[in-house]
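Residue numbers (my numbering): 89 to 864.
One structure is given here, and the rest of the page talks about it.
Structure, rendered in structure tokens:
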């Protein structure tokens, strides 16, 4: 049989199958490679995300700002405060006028107060809650007693927070722990935000499906499917953009977070991170700060209705803002309370009572931006000696300062009110002013005003306005002289007549008195109290300009002072705070008492870090200072400062000195009572003329301030080696008390006059005074 060759068609039919079998392994190899590359990339991305999660959680989790507090208000029988000042301080500290029973509330009826205080942990121990009653009479606390709480003769109220030092991103928070949560808080949060928190591993598919179904039924977003862990990851690590990539990262990082950390750690971090509102440029983060921001209370002290409101606001802090949208906030709060009831955490009676309560938020945030920027500026500069700026912005330090809110208020009012009055009388452009107030005996800074707008954050004239101090220099000129007791006393005649100095370069300097008059020989005390220029220059040249500069530096001037003769009339420039520093030495009998604005710094847990103790050093002879104090008191009674008594009670003994520079460019006054020292400057930022003197510009502000503040008169202690004698200053001789020109004056022992004069009629006047005393 003949064989036939196979047909080509059959080979053609088989060819496609062989070609396909060759390409198939190549295709799968490509898929496997792509898959492996994707796995490697995903693994690398997971490693990266894991490093991000762990590094942030293992390191510093939060940047917590430092909090700056005023000095605490101490209440006791005899405490100096007015009714208005007490009300202002209570409001500043976040107290609300109410029933006087709930913590943080008070009632006032006339001058009688009932105050229910909040507890507070001070650096030296905890101050418990108390309820107290008191009456303010004659600017003093009377009939003080504790109604509830531990008995105590003195109670410190929680200090007002006056500011903070914030991170660059402007987030703000008060750190809390799980132990700080009030009853029902955790249950309410989980009922609203994540019912399965303790059962999922970071992502809850069932919750996502449930939320998706609810949103589809409603036709809008009514429920979220994110777990607390996912919310924390979004806020803590990621941006708020709504993209698939971000959502994917959110899910992966949530799983990694749950892998490394337990639920309690995650929940506590969430409580401190969640965003709950805005205060100006600062974001309010965490329930700890939100509790203070909305209620003025610590989180642990919140009621059921209050905590329900905070939990409800997590969904939309702006939408449910209780101050702007109280109806929405009320509905949301009541929903949270109903969910608590549905979950069996509270019964129907508790729910009804909580829902019937008002929102209870404070009328305005008890937490705001720095209230006193000029003072906070001084605090930051003092802190810079010991702390880095980044630590102040992130470590949650608590800074207890010396600021007295009542003093600060009086200083701000005096500056604002008086500058407006002066503006109509002054020549030239807009007037500015600054004031620094300290405690006379300790150097604690009680108030700082940096300009006529005290709330302005910018150029701080109290700290940075370097201006010639004019006649404020004269007490230090005479102090240098009076330390030479064998040569100068208060009755030593000094020459008030013109002269000229010609320098080596041919320049001529010819000082003059402000009134252009000359009086010949005048006693030294009169030259100082009347602020004559010519005697001051003559005395300064006699004792040496270098001796005056040395006196200034001993009392705290820490910058170079030119030793030109014009310095004796105040050509040297200083800031108001520097003037306060050197006048502190005059007020404290020759001690260099560094000004301090901080009492103590603690960490966030209350552990002491730094104590700013009172540091004093006797640098000038107290006997000579006492003589200058006498002349400064005479300045107030009879000299250039006497107009102060148009505002201040004549029974209040004061000491002070006016200062004026050419054409009234700078108007100064520095003076003190028994309690306070204050320095005031008035002028123009462009250094233009004002036509004001120290007595017509700065002194009215100073006097207006002193008239507002309860205080005691200045009664200097006579130091050892100083004796008082009746003298006739014009005759430089001892005399009798009832002589016409007799004045009781202090002398350093051995420097008193040796000559004695009598007066006709002295005995008659003495007998007349004796009879008047009997029949008065």
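Just so you know, even glycine gets a beta-carbon here, dropped at the ideal spot from N, CA and C.
All values derive from a computational prediction rather than experimental measurement.
message = For a quick check, are the C-beta atoms of residue 868 and residue 185 less than 8 angstroms apart?
response = Since the first residue shown for the chain is 89 and the last is 864, residue 868 is missing from the structure and cannot be characterised.
request  = Assign residue 119 to buried or exposed, taking buried as 16 or more other Cβ atoms, counted over all protein chains shown, within 10 Å of its Cβ.
outcome  = Label assigned to residue 119: exposed.
Cβ neighbour criterion (16 or more within 10 Å) applied to residue 863 = Legend: pLDDT at residue 863 = 42, less than 50; position of this residue unreliable, value from coordinates given subsequently. The residue in question, residue 863, is exposed, as its Cβ has fewer than 16 Cβ neighbours within 10 Å.
inquiry  = Let me confirm a value: residue 695 is counted as buried when at least 16 other C-beta atoms fall within 10 Å, else exposed. Which label applies?
reply    = With fewer than 16 other Cβ atoms within 10 Å, it is exposed.
ask   = Which residue comes first and which comes last in the beta strand (DSSP E) that contains residue 201?
value = Segment 200-204, the beta strand (DSSP E) holding residue 201.
ask   = Looking only at DSSP bridge pairs, what is residue 527 linked to?
value = In DSSP, residue 527 forms a bridge with 764.
task = For my contact list, residue 280 and residue 427 are in at a C-beta cut-off of 8 angstroms; report their separation, rounded to the angstrom.
result = At roughly 6 angstroms, the Cβ-Cβ gap stays under 8 angstroms, so residue 280 and residue 427 are in contact.
Where residue 175 sits in the DSSP three-state scheme = Reduced to three states, the DSSP call for residue 175 is helix.
message = Taking 8 angstroms as the cut-off, does the stretch 518-533 touch the stretch 665-681 (at least 3 CB pairs, one atom from each stretch)?
response = With the cut-off at 8 angstroms, the stretch 665-681 and the stretch 518-533 touch.
request  = Grab me the residues of residue 762's own chain with a C-beta within less than 8 angstroms of its C-beta, minus the 5 sequence neighbours each way, in chain order.
outcome  = Counting only Cβ-Cβ distances below 8 angstroms, and skipping sequence neighbours, we find 528, 741, 799, 800, 801, 802, 803.
ask   = Quick one: is residue 585 buried, meaning 16 or more other Cβ sit within 10 Å of its Cβ, or exposed?
value = Around the beta carbon of residue 585, fewer than 16 other beta carbons sit within 10 angstroms, so the residue counts as exposed.
query = Grouping DSSP H, G and I as helix and E and B as strand, with all else coil, what is residue 219?
reply = It is a strand residue.
message = Once the 5 residues before and after residue 101 are set aside, which same chain residues still bring their CB inside 8 angstroms of it?
response = Unreliable positioning characterises residue 101 in this predicted model, as indicated by a pLDDT of 48, which lies under 50. A coordinate reading is not provided.
message = Can you tell me whether residue 123 is helix, strand or coil according to DSSP?
response = Helix at residue 123.
query = Quick one: any contact between the stretch 535-547 and the stretch 455-472, if contact means 3 or more CB pairs under 8 angstroms?
reply = Verdict: yes, contact present.
query = So, is residue 805 buried or exposed, given that buried needs 16 or more other C-beta atoms within 10 angstroms?
reply = Under the 10 Å beta carbon count, residue 805 is surrounded by fewer than 16 other beta carbons and is classified as exposed.
query = Per the contact definition of three or more C-beta pairs closer than 8 angstroms, is the stretch 751-759 in contact with the stretch 554-561?
reply = Touching, yes, given that three or more Cβ pairs across the two stretches are closer than 8 angstroms.
query = Out of curiosity, what's the CA-to-CA distance linking residue 706 and residue 578?
reply = Approximately 22 angstroms, taken between the alpha carbons.
request  = On a CA-only basis, which of 794, 752, 693, 701 is nearest residue 731? Give me that one, please.
outcome  = Considering only alpha carbons, the answer is 794.
task = Return the chain-ordered list of same chain residues with a C-beta closer than 6 angstroms to the C-beta of residue 923, the five sequence neighbours on each side being excluded.
result = The question about residue 923 has no answer, for the chain in this structure spans 89 to 864.
Distance between beta carbons of residue 235 and residue 214, contact taken as under 8 angstroms = That pair is no contact at about 20 angstroms.
query = To the nearest whole angstrom, what separates the beta carbons of residue 264 and residue 182, a pair I think is in contact under 8 angstroms?
reply = Going by Cβ atoms, the distance from residue 264 to residue 182 rounds to 18 angstroms, so no, they are not a contact pair.
Residue range of the unbroken beta strand (DSSP E) whose run includes residue 834 = Its beta strand (DSSP E) spans residues 831-836.
request  = Counting only the same chain and skipping the five closest in sequence on each side, list residues whose C-beta sits under 7 angstroms from that of residue 359.
outcome  = Beyond the five residues adjoining it in sequence on each side, residue 359 comes within less than 7 angstroms, by CB distance, of 264, 374, 375 in the same chain, given in chain order.
query = Quick one: complete alpha helix (DSSP H) runs, 4+ long, within the stretch 673-745?
reply = If we require 4 residues or more, the alpha helix (DSSP H) runs fully inside the stretch 673-745 come out as 710-725.
query = So, helix, strand or coil for residue 557, using DSSP?
reply = Correct three-state label for residue 557: coil.
query = Any idea if residue 644 is buried or exposed, counting beta-carbon neighbours within 10 angstroms, 16 or more meaning buried?
reply = In summary, residue 644 is buried, with 16 or more beta-carbon neighbours lying within 10 Å of its beta-carbon over all protein chains present.
ask   = Which class does residue 103 belong to by DSSP, given the choice of helix, strand or coil?
value = Unreliable placement is indicated for residue 103, whose pLDDT of 47 sits below 50; the coordinate value is still reported in the next sentence. Residue 103 falls in the helix class under three-state DSSP.
task = Find out if the Cβ-Cβ distance for the pair residue 507, residue 564 is shorter than 8 angstroms.
result = In this structure, residue 564 does not lie closer than 8 angstroms to residue 507 by Cβ.
Secondary structure of residue 617, DSSP reduced to three states = In this structure, residue 617 counts as helix in the three-state DSSP scheme.
ask   = Under 8 angstroms, do residue 153 and residue 260 count as touching if we go by C-beta distance?
value = Yes.
ask   = Roughly how many angstroms separate the alpha carbons of residue 440 and residue 353, rounded to a whole number?
value = Approximately 34 angstroms, taken between the alpha carbons.
message = Out of 271, 370, 316, 379, which one is the CA nearest neighbour of residue 351?
response = Ranking the options by Cα distance to residue 351, first place goes to 316.
query = Which class does residue 759 belong to by DSSP, given the choice of helix, strand or coil?
reply = The answer is strand: DSSP assigns residue 759 an E or B state.
query = Taking three-plus beta-carbon pairs below 8 angstroms as touching, is the stretch 622-639 in contact with the stretch 482-489?
reply = They do not touch, by the three-pair rule.
Span separating the alpha-carbon of residue 537 from that of residue 778 = Straight-line Cα distance between these residues: approximately 20 angstroms.
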